[in-house]
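Structure first, commentary second.
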Amino acid sequence: MSKVKFIFALLFLFILFVVPLSHVLAESISGDNIVIESGETLDSTSFLSGENVRVDGDINGTTFVTAGYIEINGTIDGDLFVMGQSTVINGQVNGSVFIAGQDVTLNCVVENSIYLAGATVRVNSQTEGSSFLAGQNIFIDKEAVIKKDVFVGGASVYQNGVINGDLTSSSDSLTIGGEIDGNLTYSSQKQADLTENSQVRGETTWRKIERQPTEDTSTALFTMAVLYKVLFSIGTALVIWLLVHLLRPTFWVKLATKLLQSPLKTLGFGAIAIIVIPLLAILLMLTVIGIPLSFIVLMLYGITLYVSKIIVSVSIGVWIQERLQWPSTRLFWLFLLALTIVSALGVIPIVGMITGVVTLLFGMGAVTLSISSERI
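Okay, so the sequence shown: first residue is 1 according to the UniProt record's numbering, each after it adds one.
And the structure:
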């Protein structure tokens, strides 16, 4: 959890120095033990962080939660983003659910789609949308009713609920004890175990996965660790993007526009800024009087380095949108696609290093040009 808190601390500083406080329209609550009592209502976008978070009341807005243990029993009128060690959602979500953690249990009614990643993932929900599940052990329990398609990736998968659409699975083992109204497409080392109560009304397609002789537990654990790293990177970037977007809707697009107007100029300014700013901070420290300012400069420098990936991903999304002449409503999905690709490239040896350097140069350059020419 220390890494999560560090990221949120950087985010707070980013907002403090870059985003005008008059734009802050969200509810932010932090502490060791956070409780939203039954009968209590938060009427805005909410950010909850602590060691333990329990929501028995209602929240009318998009909700972000990060904690060690999380329990939500009330109604969330908007999308729900959660990152924690142990998460249990029992209430109702009038939007989509995005959760990353070690143990994830979803017992609520979800209006849109479900996105879950964890070591153990258990779904006992009713949802009008699709479900995307990743983890070591994945359980779709008997009470679960998923109106659209389900996409699963894990070691052991158990489907005992009702899926009105298709089930696409990639796992070591798959057990079917429930209903699938659509097609069953799966990849595994052995054929799925279908119990006598199971029903697959569509076509069944199986692709056998051959275990490599050198594959062992350490390889599987390494693969899972890389997956978690990518998901964590995407999740934290999304939280930061959404928070700043809610406070200042044009912030990211303005930076992206600055980058796209002069890519080479942006790259050059980024290279200069990455070298000059730390040297400037050191010189300020030598003056004694400039020590506080040097710390502020270094903090903003670190924050800009961290959000460079977001700036580049938004820029890619804007570039594709303009080339294809798509409406602005599709920009978020283009940004998410670009963010996923950039995050995935970041874990590949050598390629990840090159991607990281280029991303930092472009991100730093975009911010430097924006500050030098006009207020963001």
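All C-beta atoms, glycine included, are put in the ideal place defined by N, C-alpha and C.
- What's the C-alpha gap between Trp326 and Pro263? Pro263 has its alpha-carbon roughly 22 angstroms from the corresponding atom of Trp326.
- Query: Where does Ser233 fall in DSSP's three states?
  - Reply: Reduced to three states, the DSSP call for Ser233 is helix.
- Item | Test item: CB-CB of Gly154 and Ile138 under 8 angstroms | yes
- Is DSSP giving Ser49 helix, strand or coil here? strand
- Compare the Cα-Cα distances from Lys309 to each of Leu300, Pro292, Ile341, Leu280 and report the closest residue. Ile341
- Decide if the region 198–213 is in contact with the region 229–246; the criterion is three or more beta carbon pairs, one per stretch, under 8 angstroms apart. no
- Between which two residues does the beta strand (DSSP E) carrying Ala117 extend? 114–123
- Task: Take every Cβ of the region 316–325, pair it with every Cβ of the region 281–297, and state whether three or more of those distances are shorter than 8 angstroms.
- Result: no
- Message: Let me make sure I understand the geometry here. Which of Leu305, Gln261, Ser156 has the alpha-carbon closest to that of Ala273?
- Response: Ranked by Cα distance from Ala273, the options Leu305, Gln261, Ser156 are led by Leu305.
- Message: Pop quiz: Ser130 and Leu106 are said to be a contact at Cβ under 8 angstroms. What is the actual Cβ separation, rounded to whole angstroms?
- Response: About 14 angstroms; that fails the 8 angstroms criterion.
- Message: With the cut-off set at 8 angstroms, would you say Gly268 and Met364 are in Cβ contact?
- Response: no
- Query: Along the chain, which unbroken stretches of the beta strand (DSSP E) at least 3 residues long are found entirely within the region 139–216?
  - Reply: 150–159, 167–176, 184–188, 204–208
- Message: What does DSSP give as the partner residue(s) for Tyr69 in the beta ladder?
- Response: Asn52, Ser86
- Under 8 angstroms by Cβ, that's how I've got Gly118 and Val104 pegged, so tell me the actual separation to the nearest angstrom. 4 angstroms
- Below 8 angstroms between beta carbons: does that hold for Thr266 and Ala338? no
- Task: Put Gly352 into one of helix, strand or coil per three-state DSSP.
- Result: helix
- Message: By the DSSP assignment, the beta strand (DSSP E) with Ile274 in it spans what residues?
- Response: No beta strand (DSSP E) holds Ile274; the alpha helix (DSSP H) holding it covers 263–286.
- Could you give the residue range of the alpha helix (DSSP H) that holds Val104? Membership of Val104 in any alpha helix (DSSP H) is not indicated; the residue belongs instead to the beta strand (DSSP E) covering 97–106.
- Query: Taking all protein chains shown into account, do 16 or more other C-beta atoms lie within 10 angstroms of the C-beta of Asn33, making it buried, or fewer, making it exposed?
  - Reply: exposed
- Message: Assuming the contact rule is C-beta atoms closer than 8 angstroms, Ile70 and Thr45 should be a hit. Round their C-beta distance to whole Å, please.
- Response: Their Cβ separation, rounded to whole angstroms, is 17 angstroms, which puts Ile70 and Thr45 out of contact at 8 angstroms.
- Task: Look at Asp56 and Ile36 and say whether their C-beta atoms are less than 8 angstroms apart.
- Result: yes
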